[in-house]
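A.B. asks: Counting along the sequence shown from 1, when you hit position 40 you're at 1525 in our numbering, and nothing is skipped either side.
Every residue gets a Cβ at the ideal spot worked out from N, C-alpha and C, and that includes glycine.
Since the model is a prediction, treat every value here as computed from it, not as a measurement.
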Amino acid sequence: MQADDAPNKNGSNDTVVGSPEQEGVAGFLAHLVELRNRLLKSVLVVLVLFIVLFPLRNDLFTLLADPLSKHMPPGTTMIAVQVASPFFIPLKLTALTALFISIPFLLYQLWAFIAPGLYKHERKLVAPLVFSSTILFYLGAAFAYFAVFPIVFGFLAAAGPSDVNFAPDIGEYLSFVTSLFFAFGFVFEVPVAIVLLVIIGVVTPAKLAEFRRYAILIAFIIAAILTPPDVMSQFMMAIPIILLYEFGLFVSRFFYKAKMARAAALAAQEAEEDAARDAADKDDEVTQRHEAYEQQAASAPLDFDKALDEAEADQRRLEAPSDAPGDPSSSPDAPPPEPPRSELPNSEPTNSEPPEPDAPPKKPGDAG
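#1: For isoleucine 1685, which three-state DSSP category applies?
#2: Answer with buried or exposed for glutamate 1828, where buried requires no fewer than 16 other C-beta atoms within 10 angstroms of its C-beta.
#3: Hey, would you say phenylalanine 1572 sits closer than 7 angstroms to glycine 1625, going by beta carbons?
#4: Should leucine 1549 be labelled buried (16 or more other beta-carbon atoms within 10 Å of its own) or exposed?
#5: To which residues of the same chain is alanine 1652 closer than 8 angstroms at the C-beta, ignoring the five residues directly before and after it?
#6: State the Cα-Cα distance for the pair valine 1528 and proline 1589, rounded to the nearest angstrom.
#7: Comparing alpha-carbon positions, which option in Thr1619, Ala1597, Val1736 and Gln1754 lies nearest leucine 1520?
#8: At 3 residues or longer, what runs of the beta strand (DSSP E) sit wholly inside the segment 1577–1638?
#9: Nearest to aspartate 1613 by CA position, among Ile1574, Phe1667, Ala1678 and Phe1535, is which residue?
#10: Here's a check: name, in chain order, each residue in its chain whose Cβ is nearer than 7 angstroms to the Cβ of isoleucine 1701, leaving out the five neighbours to either side.
#11: Buried or exposed: glycine 1670, going by 16 or more other Cβ atoms within 10 Å of its Cβ?
#12: Rounded C-beta distance between valine 1683 and proline 1690? I'm assuming under 8 angstroms.
#13: Check for me: the alpha helix (DSSP H) holding isoleucine 1707 runs from which residue to which?
#14: Less than 7 angstroms between the C-beta atoms of alanine 1704 and glutamine 1719, yes or no?
#15: Take glycine 1811 and list the residues in its own chain whose beta-carbon comes closer than 6 angstroms to its own, dropping the five residues that flank it on each side.
#16: Find out if the Cβ-Cβ distance for the pair phenylalanine 1535, alanine 1580 is shorter than 7 angstroms.
#17: Given a threshold of 16 other Cβ atoms within 10 Å of its Cβ, counted over all protein chains shown, does threonine 1772 qualify as buried or as exposed?
#18: For aspartate 1768, which of helix, strand or coil comes out of DSSP?
#19: Relative to the C-alpha of glutamate 1602, which residue among Leu1591, Val1633, Gly1512 and Tyr1630 is closest?
#20: Quick check: the Cα distance between leucine 1734 and phenylalanine 1631, rounded to an integer number of angstroms?
#21: What is the residue span of the alpha helix (DSSP H) that proline 1552 lies within?
#22: Nearest by alpha-carbon distance to glutamate 1607: which of Asp1766, Ile1685, Gln1800 and Ala1753 is it?
#23: Using 6 angstroms as the cut-off, classify the Cβ of glycine 1625 as near or not near the heavy atoms of the ligand COA, replying yes or no.
#24: Can the beta-carbon of isoleucine 1655 be found less than 7 angstroms from the beta-carbon of serine 1570?
Structure representation (structure tokens):
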């Protein structure tokens, strides 16, 4: 079997050391290792809390069943329908309690994993949201235990027929209260959701104010789905949702004003930078023009001196005698110099016929 790092036909590996592909794979593996470590830490914390709370499992169930036990008929207790319920139900409650207590640590591990990949302004935004979400979740669970459970269980115990023995199963009771805990915990996150939607620009406080009537209707629909089928429990959830909606709308106005102020400041800063950039470009253009003028002015005297030297050399050559040594005109084989045009006779003929040549002179002794 051929190894992965075997050289190719050219004698070199396909993947270059330090290439972007290798760096991307190394970064991905590093993130996986970090995620594994943080998951192990989270599981370890939950396991430690479970071990610590395990001896108190029955006490935890007694505390959880207290809102219902106060409204049960005298001498009546909860029942266990299944054989293993007396052991597994407190065990399950202990695990849920350990998970519930470790939520801040779990959120911190999640924050520590994603924080390095965020910008500074994003970290400033996410940290308060995570903290406020945790606090609101605990407030929702506390509201369910101290305010909702007594009213709901009192209503359910009194609404049944008198000849019916009200003795709920411990497994059903744990599932019921657990669902209410998480339902109210998530419902109390409404302000955080509203503020987050305003910050990221999905909605504005004005739009949320216009949506108020629909929000009230949605609050009652959610309460009807998540709570028992009685009017009292629905109102106990719908009213907090409406109040939290108004609270989130109130807080979102401050964040929206701060966002608009930052946007205006950023726009002004960008305008100043653009103006400064344009001014710098103009200054550079003027500087380049000045430099070009200076170079042209500096090169002009050099051209004038060169032309003057050439003119003086031509003048000396013209004033030099013709028989001067080295003059081409003094050579016997050289053709005679062409006379100046001013010394040439008037060559314009009077007619088109050439002039007759002069008669040769007579020699002595010739007959007349």
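C.D. replies: In short, the structure shows the following:
#1: Taking the first residue of the sequence shown as position 1, residue 1685 is located at position 200. Under the three-state reduction of DSSP, isoleucine 1685 is assigned to coil, being neither helix nor strand.
#2: Residue 1828 sits at position 343 when you count from the first residue of the sequence shown. Note that glutamate 1828 scores 47 on pLDDT, short of 50, meaning its location in the model is unreliable; the coordinates nonetheless yield the value given after this. So glutamate 1828 counts as exposed.
#3: Residue 1572 sits at position 87 when you count from the first residue of the sequence shown. Residue 1625 sits at position 140 when you count from the first residue of the sequence shown. No.
#4: The count along the sequence shown starts at 1 and reaches residue 1549 at position 64. Only buried fits leucine 1549, as 16 or more other CB atoms lie within 10 angstroms of its CB.
#5: Indexing the sequence shown from 1 puts residue 1652 at position 167. Contacts found: Met1557, Thr1561, Thr1562, Met1563 and Ile1564.
#6: Residue 1528 sits at position 43 when you count from the first residue of the sequence shown. Residue 1589 sits at position 104 when you count from the first residue of the sequence shown. Using only the alpha carbons, I get a separation of about 13 angstroms.
#7: The sequence position of residue 1520 within the sequence shown is 35, counting from 1. The shortest Cα separation from leucine 1520 among Thr1619, Ala1597, Val1736 and Gln1754 belongs to Ala1597.
#8: The segment 1577–1638 contains no whole beta strand (DSSP E) run of 3 or more residues.
#9: Taking the first residue of the sequence shown as position 1, residue 1613 is located at position 128. Just to set this straight, residue 1613 is proline in the shown sequence, not aspartate. Checked all of Ile1574, Phe1667, Ala1678 and Phe1535; the closest Cα to proline 1613 is Ala1678.
#10: To locate residue 1701, count along the sequence shown from 1; it is residue 216. Correct list, in chain order: Ile1727.
#11: Sequence index remark: in the sequence shown, residue 1670 carries index 185 (1-based). With 16 or more other CB atoms across the displayed protein chains lying within 10 angstroms of its CB, glycine 1670 is buried.
#12: Mapped onto the sequence shown, residue 1683 falls at position 198. Mapped onto the sequence shown, residue 1690 falls at position 205. Confirmed, Cβ separation roughly 6 angstroms.
#13: Counting from one through the sequence shown, the residue named residue 1707 turns up at place 222. Unbroken alpha helix (DSSP H) run through isoleucine 1707: 1697–1711.
#14: Your numbering for residue 1704 matches position 219 in the sequence shown. Your numbering for residue 1719 matches position 234 in the sequence shown. Contact: no.
#15: Indexing the sequence shown from 1 puts residue 1811 at position 326. Reliability fails at glycine 1811, whose pLDDT of 49 lies under 50, so the model's placement of it is uncertain and the value that follows must be treated cautiously. Excluding the 5 residues flanking it on each side, glycine 1811 has no same chain C-beta neighbour closer than 6 angstroms.
#16: To locate residue 1535, count along the sequence shown from 1; it is residue 50. To locate residue 1580, count along the sequence shown from 1; it is residue 95. Phenylalanine 1535 places its beta carbon less than 7 angstroms from that of alanine 1580.
#17: Translated into positions along the sequence shown, residue 1772 becomes position 287. Exposed, by the Cβ-count rule.
#18: As a first step, residue 1768 must be located in the sequence shown, where it is residue number 283. Here aspartate 1768 sits in helix by DSSP.
#19: As a working mapping, residue 1602 is identified with position 117 in the sequence shown. The displayed chain sequence assigns glycine, not glutamate, to residue 1602. Answer by Cα proximity: Gly1512.
#20: Numbered from 1 along the sequence shown, position 249 holds the residue referred to as residue 1734. Numbered from 1 along the sequence shown, position 146 holds the residue referred to as residue 1631. Spanning the two alpha carbons is a distance of roughly 26 angstroms.
#21: Taking the sequence shown and counting its residues from 1, one reaches residue 1552 at position 67. Counted as a single uninterrupted DSSP element, the alpha helix (DSSP H) harbouring proline 1552 occupies residues 1551–1554.
#22: Residue mapping note: residue 1607 aligns to position 122 of the sequence shown, counting from 1. Proximity to glutamate 1607 across Asp1766, Ile1685, Gln1800 and Ala1753 peaks at Ile1685, based on C-alpha coordinates.
#23: Among the components modelled here there is no ligand, and therefore nothing to report on the ligand COA.
#24: Against the sequence shown, residue 1655 aligns to sequence position 170. Against the sequence shown, residue 1570 aligns to sequence position 85. Note that the C-beta distance between isoleucine 1655 and serine 1570 is below 7 angstroms.
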